[in-house]
Amino acid sequence: MSSADPAPSTESIRSQQPGSPASAGSAGPTPGAIGTPKWMKALVIVGAVFLVLSGYALVNYPAQPADKPAPRTPLSPDYPGDLIQISPFRLVDQEGEGVTESIFSKRVTITSWVFSNCPLACPTIIAQMINLQRDLADTNVQFVAMGLDPEHDSPSVMKQWGQKVGVDWRTWKFVTEPHPLENGAPALIARQLLVNDFKVHVDEAGDDPITLADGSTMSNIIHPFEIYLVGPKGQLIARYSARRQEEIDALRTRARDAATELKGRLGTGSPGASR
Numbered sequence: 603m604s605s606a607d608p609a610p611s612t613e614s615i616r617s618q619q620p621g622s623p624a625s626a627g628s629a630g631p632t633p634g635a636i637g638t639p640k641w642m643k644a645l646v647i648v649g650a651v652f653l654v655l656s657g658y659a660l661v662n663y664p665a666q667p668a669d670k671p672a673p674r675t676p677l678s679p680d681y682p683g684d685l686i687q688i689s690p691f692r693l694v695d696q697e698g699e700g701v702t703e704s705i706f707s708k709r710v711t712i713t714s715w716v717f718s719n720c721p722l723a724c725p726t727i728i729a730q731m732i733n734l735q736r737d738l739a740d741t742n743v744q745f746v747a748m749g750l751d752p753e754h755d756s757p758s759v760m761k762q763w764g765q766k767v768g769v770d771w772r773t774w775k776f777v778t779e780p781h782p783l784e785n786g787a788p789a790l791i792a793r794q795l796l797v798n799d800f801k802v803h804v805d806e807a808g809d810d811p812i813t814l815a816d817g818s819t820m821s822n823i824i825h826p827f828e829i830y831l832v833g834p835k836g837q838l839i840a841r842y843s844a845r846r847q848e849e850i851d852a853l854r855t856r857a858r859d860a861a862t863e864l865k866g867r868l869g870t871g872s873p874g875a876s877r
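Each residue of the sequence shown is one higher than the last, beginning at 603 in the working numbering.
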């Protein structure tokens, strides 16, 4: 070693030792250490933006409540998905006065399809309707008997039938076809309403004839023991069995409540609000 080169100090020798702090600090990044990838940084940024935008939307555009079905009331049909409506018609009542589908307008109606020579179903149906007439006398409920046999049930026959069973003509109508019959044969308009609109099966049983007062016979008309509650727009609200007293009791309550609801909708003095 020449005198021109001074001997290294103890500190400089120590700093050059492998593994010393000085050598480690000057060696750069630790082998094996890996930084955060760029794609992961981008993903974090996107997620943060999404969270911020979601919060803004929740504050400024709150979720709207889902549409709720209208609350059910006594006037709500039992068949909301398939509204059953009485079709237009032109018939007459027991006085021979014209009657159309407007008879059901702005009224709650208890109705059924019957014929005067009926041996079984109709007497039960009419008896139940007479009882309902008595029980609902303080309401605006009306009663309509639609004739299934216009060939034999002329307006005068229907009127005699109503008088015999004790109907209150202020709230009743017996509906049939005008006489003399056009073209000498019944059009069976009322029967078609029952079959086509209310989807009720009606048939004639030629093998089970009915003997009439004059000794002649007619085919029995097969139809259900049903009474119907019809709303103020001619729509079917519900149907009830005339043979099940619990159903007639339910009809009585429903008709009264429906009439009360309708009166509230129409208001005092409006058509149909009072008799």
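Virtual Cβ for every residue (Gly too), placed ideally from N, Cα, C. All of these numbers come straight from a predicted model, not from anything done at the bench.
Buried or exposed: residue i, going by 16 or more other Cβ atoms within 10 Å of its Cβ?
| i | result |
| --- | --- |
| D803 | What sits at residue 803 in the sequence shown is His, not Asp. Flag for H803 reads exposed. |
| G836 | buried |
| A626 | Any answer about A626 is weak, because its pLDDT of 44 lies below 50 and its placement is not dependable; what the coordinates show is given next. Counting Cβ neighbours within 10 Å, A626 comes out exposed, since fewer than 16 surround it. |
| A840 | buried |
| E699 | exposed |
| D695 | buried |
| Y842 | buried |
| S714 | buried |
| N785 | exposed |
| G621 | Because the pLDDT at G621 is just 46, under 50, the model does not fix this residue reliably, and the value given afterwards should be weighed accordingly. Flag for G621 reads exposed. |
| Y681 | exposed |
| N822 | buried |
| R846 | exposed |
With a threshold of 7 Å on Cβ separation, who are the neighbours of residue i within its own chain once the five nearest residues in sequence on each side are excluded?
| i | result |
| --- | --- |
| D770 | Q735 |
| F691 | T702, E703, I791 and L795 |
| D859 | P676 |
| P826 | V802 |
| L814 | N719 and M820 |
| Q744 | R709, T711 and T773 |
| A789 | E779 |
Going by DSSP, name the residue or residues bridged to residue i.
| i | result |
| --- | --- |
| Q837 | Q687 |
| M748 | W715 and V777 |
| L693 | V701 |
| Y830 | T713 and R841 |
| S678 | Partner(s): none; S678 has no beta bridge. |
| S707 | K835 |
Since I believe residue j is in contact with residue i (beta carbons under 8 Å), could you give me their beta-carbon distance rounded to a whole number of angstroms?
| i | j | result |
| --- | --- | --- |
| S718 | D684 | Incorrect: roughly 33 Å between the Cβ atoms, too far for contact. |
| I712 | A857 | 6 Å |
| I727 | A844 | 5 Å |
| K766 | V746 | Rounded, the Cβ-Cβ distance is 18 Å, inconsistent with contact. |
| L750 | V716 | 6 Å |
| P757 | E697 | 7 Å |
| N742 | A852 | Contact doesn't hold; Cβ gap of about 19 Å is too wide. |
| P752 | L722 | Going by Cβ atoms, the distance from P752 to L722 rounds to 20 Å, so no, they are not a contact pair. |
| F800 | I705 | Contact flag wrong, Cβ pair sits at about 16 Å. |
| E779 | L693 | 6 Å |
| P679 | G833 | 7 Å |
Say yes only if the C-beta of residue i is nearer than 7 Å to one or more non-hydrogen atoms of the ligand SAM, and no if none qualify.
| i | result |
| --- | --- |
| I728 | No copy of the ligand SAM appears in this structure; indeed no ligand is present at all. |
For residue i, which residues in the same chain have their Cβ closer than 6 Å to its Cβ, ignoring the five residues on either side in sequence?
| i | result |
| --- | --- |
| I824 | D805 and A807 |
| L850 | Leu is not the amino acid found at residue 850; the sequence shown has Ile there. These residues qualify, in order along the chain: Q730. |
| K761 | Q696 |
| E828 | R841 |
Apart from the five residues just before and just after residue i, which ones in its own chain have a Cβ nearer than 8 Å to its Cβ?
| i | result |
| --- | --- |
| E863 | T675, P676 and L677 |
task: Let me know the alpha helix (DSSP H) ranges lying completely inside the region 780-827, each 4 residues or longer, listed in chain order.
output: 791-794
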